[in-house]
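Participant: Input: one structure, supplied below.
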Amino acid sequence: MNTTTIAWLAGTGAMALALVQATPAAAQPAFPDKPVRIVVPFAAGGVTDAMLRLLQEPVGRSLGQPVIIDNRPGAAGMIAARLVADAPADGYTVLVVNTGLIAITPFVQKSAGIDPQRRFAPVAGLSSAPSVLLVHPSVPVADLRQFLDYAKANPGKLEYAVVGKGAYGDVATSLFQRQAGVRMLPVPYQGNAQTTTALLSGEVKVQLTILSGPMNDYLKNGRIKALGVATAGPSALVPGVPPIASALPGFDAVVYTGLVAPARTPPAVVEKIGHAFTTALSDPALRQQLATMGMEAAPLDGKAYSERIAREIGAFAPVIKELGTE
525 MNTTTIAWLA GTGAMALALV QATPAAAQPA FPDKPVRIVV PFAAGGVTDA MLRLLQEPVG
585 RSLGQPVIID NRPGAAGMIA ARLVADAPAD GYTVLVVNTG LIAITPFVQK SAGIDPQRRF
645 APVAGLSSAP SVLLVHPSVP VADLRQFLDY AKANPGKLEY AVVGKGAYGD VATSLFQRQA
705 GVRMLPVPYQ GNAQTTTALL SGEVKVQLTI LSGPMNDYLK NGRIKALGVA TAGPSALVPG
765 VPPIASALPG FDAVVYTGLV APARTPPAVV EKIGHAFTTA LSDPALRQQL ATMGMEAAPL
825 DGKAYSERIA REIGAFAPVI KELGTE
């Protein structure tokens with residue numbers, strides 16, 4: 525073999541190597557080139573599931589691929605969280621979360637081994653649902669400030685309904701007590717239907733919870749009273765009810781819903797998914813539909829949502845520690 529042939533072979537080999545090295549980047553299709561799966565940690569038919577189904581078509585249209593809703597309830601959302609945390613970080617599997625799932629449950633169920641700030645990349649904030657401080661009419665107060673005075677004067681007298689120790693309502697009510705300097709006693713129930721029945725009957729006197737459709741009817745007919753809404757300012761969903769923050773500056777117990785992806789998902793992919801969702805939430809008709817479901821459209825980009833998650837974790841961490849649920 526002469527030197528010319530050797531040189532040609534060497535050159536050809538170098539070109540082939542260069543082509544092989546360049547091929548993955550050059551051939552990599554634009555995201556997405558297949559359906560995107562949204563894992564919902566709740567059963568079909570709930571408000572979160574309903575919201576995602578409203579967004580499903582416009583988001584799919586924006587992405588140019590179908591959006592698939594995959595309901596994976598169980599273990600207070602940890603089954604779905606584990607599934608997505610362990611999924612490939614390619615943007616094709618994302619998780620819908622709320623305040624409880626991202627800022628409370630992982631720290632209550634530490635054995636699950638899910639550190640949300642390490643295992644997930646925030647994609648976008650979607651909506652908020654204000655918690656409302658409800659009391660039975662037998663509590664001798666007319667407004668939030670009177671309630672705080674009454675609770676301070678009667679430590680341990682008022683009982684409040686929660687769905688399980690360490691659940692969102694338990695932790696949020698404990699945060700309220702911590703900031704207000706009051707002490708009430710928790711009474712755990714199996715589900716929301718039971719807590720509603722207990723409040724209506726006067727078995728318990730207080731509940732901090734998201735308003736459901738029937739709750740609005742009970743408010744209108746005077747079977748329960750709403751003293752404050754857990755938002756920074758007045759909420760259009762609960763007109764005429766003052767924010768708890770007016771008496772407890774900085775109090776925030778909104779149930780906020782958003783999307784996260786597996787950690788190390790490429791930032792450009794995260795941004796593209798997030799943009800599709802936040803754009804869909806700008807539609808006035810869709811926002812009105814959410815309002816009828818008890819939710820306010822509250823879109824945030826990934827960075828702003830990450831900052832909100834950090835604030836929520838920081839606010840609830842000392843309460844979780846005090847409750848001894850770690």
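Here the numbering used here is used: the sequence shown runs in plain steps of one and ends on residue 850.
Every residue, glycine too, gets a C-beta built ideally from N, C-alpha and C.
All of these numbers come straight from a predicted model, not from anything done at the bench.
1) If distances are taken between C-alpha atoms only, which option among 588, 650, 672, 813 comes closest to residue 770?
2) Go through its chain and collect everything with a Cβ distance to residue 839's Cβ below 6 Å, but skip five positions before and after it.
3) So what does DSSP say about residue 582, is it helix, strand or coil?
4) Looking at the structure shown, is residue 561 part of a helix, part of a strand, or coil, going by DSSP?
5) Identify the continuous beta strand (DSSP E) that holds residue 621 and give its terminal residues.
6) Are the beta-carbon atoms belonging to residue 833 and residue 695 less than 8 Å from one another?
7) For residue 658 versus residue 749, is the C-beta distance shorter than 8 Å?
8) Give the DSSP-derived three-state secondary structure of residue 678 in the structure shown.
9) Out of curiosity, what's the CA-to-CA distance linking residue 550 and residue 828?
10) DSSP on residue 846, reduced to helix/strand/coil?
11) Could you tell me the alpha carbon to alpha carbon distance between residue 837 and residue 645, rounded to whole angstroms?
12) Roughly how many angstroms separate the alpha carbons of residue 741 and residue 642, rounded to a whole number?
13) Given a cut-off of 8 Å, decide if residue 802 and residue 620 are closer than it, judged by their beta-carbon atoms.
14) Taking all protein chains shown into account, do 16 or more other C-beta atoms lie within 10 angstroms of the C-beta of residue 538, making it buried, or fewer, making it exposed?
15) In three-state terms, what does DSSP make of residue 829?
16) Could you pull the start and end residues of the alpha helix (DSSP H) that residue 603 belongs to?
17) What three-state label does DSSP hand residue 851 in the structure shown?
18) DSSP has residue 667 in a bridge; who is on the other side?
19) I'd like to check one pair, residue 597 with residue 566: are the Cβ atoms closer than 8 Å?
20) Would you tell me roughly how many angstroms separate the C-alpha atoms of residue 825 and residue 736, rounded to the nearest one?
21) Where does residue 644 sit, in a helix, a strand or coil, going by DSSP?
22) What does DSSP give as the partner residue(s) for residue 731 in the beta ladder?
Facilitator: Checking against the coordinates, here is how it stands:
1) Measuring from the Cα of residue 770, the nearest candidate turns out to be 672.
2) Cβ within range, chain order: n/a, list empty.
3) Reduced to three states, the DSSP call for residue 582 is helix.
4) In the three-state DSSP reduction, residue 561 falls in the strand class (E or B).
5) Where residue 621 is concerned, the enclosing beta strand (DSSP E) stretches over 617 to 622.
6) Judged by beta-carbon spacing, residue 695 lies beyond the 8 Å limit of residue 833, meaning their Cβ atoms are not closer than that value.
7) With respect to the 8 Å criterion, residue 658 and residue 749 are classified as neighbours on the basis of their beta carbons.
8) Residue state, collapsed to three classes: coil.
9) Residue confidence is low: residue 550 scores 47 on pLDDT, short of 50, so the model does not pin down where it sits. No coordinate-derived value is stated.
10) Three-state result, residue 846: helix.
11) A straight-line Cα-Cα distance of about 15 Å links residue 837 and residue 645.
12) Inter-residue distance for residue 741 and residue 642 is about 42 Å (C-alpha atoms, whole angstroms).
13) Not in contact: residue 620 and residue 802 (Cβ atoms no closer than 8 Å).
14) Residue confidence is low: residue 538 scores 46 on pLDDT, short of 50, so the model does not pin down where it sits. Its coordinate-derived value is still stated next. Here residue 538 is exposed: its Cβ has fewer than 16 other Cβ atoms, across all protein chains shown, within 10 Å.
15) Looking at residue 829 - three-state DSSP - the assignment turns out to be helix.
16) Its alpha helix (DSSP H) spans residues 602 to 609.
17) Outside the shown range of the chain (525 to 850) lies residue 851, about which nothing can therefore be said.
18) DSSP, once it has assigned bridges, lists no residue as partnering residue 667.
19) Cβ distance < 8 Å, so residue 566 and residue 597 count as in contact.
20) About 28 Å.
21) Residue 644 falls in the strand class under three-state DSSP.
22) DSSP output for residue 731 lists 658 as bridge partner(s).
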